[in-house]
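Undergrad: Per our numbering, the sequence shown starts with residue 2, numbered consecutively. Just so you know, even glycine gets a beta-carbon here, dropped at the ideal spot from N, CA and C.
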Amino acid sequence: MISFIIPAHNEQAGLGRTLEAIHESARVVGQPYEIIVVDDASTDATAEIARQHHATVLPVSHRQIAATRNSGGRAANGERLFFVDADTTINPRAVVSALRYMDNGAVGGGATVWFDGVLPLYVRLLGFLVAPIVGKLLGFTGGAFMFCTREAFHATGGFDERLFCGEEGSLALALKREGRFVVLWERVLTSGRRFRTMSGLQIFANCFRLLFSPSTALTQRSSVEKIWYDSNRERDDKMPTTLGVKVSNGITLLILIVLSTGPLWNFVPRSLTPFASPLGKIRFVTGIFLCHAGLLFWPCAIALFGSLLRRKQWLEWIKLTVLFALCLWQAWGSTQGVIWNWTRFCHWLANLYNG
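1) So does the region 249 to 258 actually touch the region 191 to 207, counting three or more Cβ pairs closer than 8 Å?
2) Under 9 Å, do Asp117 and Leu190 count as touching if we go by C-beta distance?
3) Specify the secondary structure class of Glu21 as computed by DSSP and reduced to three states.
4) With a CB to CB cut of under 7 Å and the five nearest residues on each side skipped, what residues in its chain are close to Leu321?
5) Out of Asn207, Pro264, Leu122, which has the shortest C-alpha to C-alpha gap to Leu255?
6) Nearest by alpha-carbon distance to Ile293: which of Trp315, Lys137, Leu260, Ala173 is it?
7) Leaving out five residues on either side along the sequence, give the residues of the same chain with a beta carbon under 6 Å from the beta carbon of Val362.
8) Can you tell me which residues form a DSSP beta bridge with Gly110?
9) Measuring alpha carbon to alpha carbon, tell me which of Glu317, Phe196, Leu138, Pro93 ends up nearest Arg181.
10) Taking a contact to mean a Cβ-Cβ separation below 9 Å, would you say Val124 touches Arg188 in this structure?
11) Report, in whole angstroms, the separation of the C-beta atoms of Glu35 and Asn71, which I expect to be a contact under 8 Å.
12) For the beta strand (DSSP E) that contains Pro8, what are its first and last residues?
13) Out of Ala107, Ala277, Thr142, Gly143, which has the shortest C-alpha to C-alpha gap to Cys149?
14) Per DSSP, what kind of secondary structure is Glu35 in: helix, strand or coil?
15) What number of angstroms, rounded off, separates the C-alpha of Ser223 from the C-alpha of Asp88?
16) Give the list of continuous alpha helix (DSSP H) stretches no shorter than 4 residues that lie fully inside the region 28 to 72.
17) Where does Leu164 sit, in a helix, a strand or coil, going by DSSP?
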């Protein structure tokens, strides 16, 4: 049997669509299945909609996503567990691919996503270029669509209930210690509501907090309350049109474009972009920004090194070693660039003062 587990809190708007997609996917697969909607203290028609779509409703009152997912996983009867977010529309291709990998020995995995609805351009850029590449390279996905064997779920203890977000990454790491973890090429469709309700710079700020203070960002509910635990769903489909949000999203798009195209300058001879020319000035400013942004490779390298020490599979070890070396190389090069630029700036100030 296959078990589809859906954590839900006030998800009446999209739950019906999610359940219909699961039924359709399961019919294509042709195996016995069950759907468990873990209704976590909903105050709307979530439970009623779940029953109308022939799902088992498991009422809980955790208000914590890891505990809610675990309740569903422990109640499941299937040998293959699929954790699907209540705002995610899956498809038969993803389910068939996941089952094939587990039949061939994988202990679990996940899928990258497309986002629905009206979205800022920077989100489209992330979804089209960054998410699938990073997901495949690092071997991680979000929690919108994750799967694992029943045995692996119980061996790892499930999702880490100390975490209020990022629990899917923690489970992925735990599954990798048990065996092979795969990231599917097939994508699923999920809600882009969090990108609609938060500006780009707010998203960046939360990413920085997660990168430099993970213990606080992941284990304290107050730090992620607005992002992950807001019960207000009335404006999920609407994107703010205020000037501040537009400027914030525009700056975010510009930053992503610079980050994604910056390395291309290495293939342009400097003779074609003298400093006195407009392109030369753009190249100089871009270089200063990139070398400072590159300092973020230091915490990435440290995290990869820690993960590297816990890997058992040699293929995973080789991949992480290459990524660690790449991050270390980028971090060191960026550090040298920052030192050179600030030294040059200080000399310029000194000459200005003395002159």
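TA: By the coordinates alone:
1) yes
2) In the sequence shown, counting from the first residue as 1, residue 117 sits at position 116. In the sequence shown, counting from the first residue as 1, residue 190 sits at position 189. Cβ distance < 9 Å, so Asp117 and Leu190 count as in contact.
3) As a working mapping, residue 21 is identified with position 20 in the sequence shown. Reduced to three states, the DSSP call for Glu21 is helix.
4) Walking along the sequence shown from the start, residue 321 turns up at place 320. Apart from sequence neighbours up to five positions away, the residues of its chain that approach Leu321 with a beta-carbon distance below 7 Å are Leu305, Ser308, Leu309, Arg312, ordered along the chain.
5) Indexing the sequence shown from 1 puts residue 255 at position 254. Of the candidates Asn207, Pro264, Leu122, the residue whose Cα lies closest to the Cα of Leu255 is Leu122.
6) For this step, residue 293 is matched to residue 292 along the sequence shown. According to the sequence shown, residue 293 is His rather than Ile. Of Trp315, Lys137, Leu260, Ala173, the residue nearest in Cα terms is Leu260.
7) In the structure displayed, the chain extends from 2 to 356; residue 362 sits before or after that span and is not available.
8) Walking along the sequence shown from the start, residue 110 turns up at place 109. Gly110 pairs with Phe148, Val183.
9) For this step, residue 181 is matched to residue 180 along the sequence shown. From the listed residues Glu317, Phe196, Leu138, Pro93, the smallest Cα separation to Arg181 is found for Glu317.
10) As a working note, residue 124 is residue 123 in the sequence shown. As a working note, residue 188 is residue 187 in the sequence shown. No, the Cβ-Cβ distance between Val124 and Arg188 is not below 9 Å.
11) Residue 35 sits at position 34 when you count from the first residue of the sequence shown. Residue 71 sits at position 70 when you count from the first residue of the sequence shown. Contact flag wrong, Cβ pair sits at about 17 Å.
12) Here residue 8 refers to the residue found at position 7 of the sequence shown. Counting along the chain, the beta strand (DSSP E) containing Pro8 begins and ends at 3 to 9.
13) Reading the sequence shown from its first residue, position 148 is the one you call residue 149. Ranking the options by Cα distance to Cys149, first place goes to Ala107.
14) By 1-based counting over the sequence shown, the position of residue 35 is 34. In the displayed model, Glu35 falls within a strand according to three-state DSSP.
15) Numbered from 1 along the sequence shown, position 222 holds the residue referred to as residue 223. Numbered from 1 along the sequence shown, position 87 holds the residue referred to as residue 88. Approximately 23 Å, taken between the alpha carbons.
16) Counting only runs of 4+ residues, the alpha helix (DSSP H) found wholly inside the region 28 to 72 occupies 47 to 53, in chain order.
17) Here residue 164 refers to the residue found at position 163 of the sequence shown. Reduced to three states, the DSSP call for Leu164 is coil.
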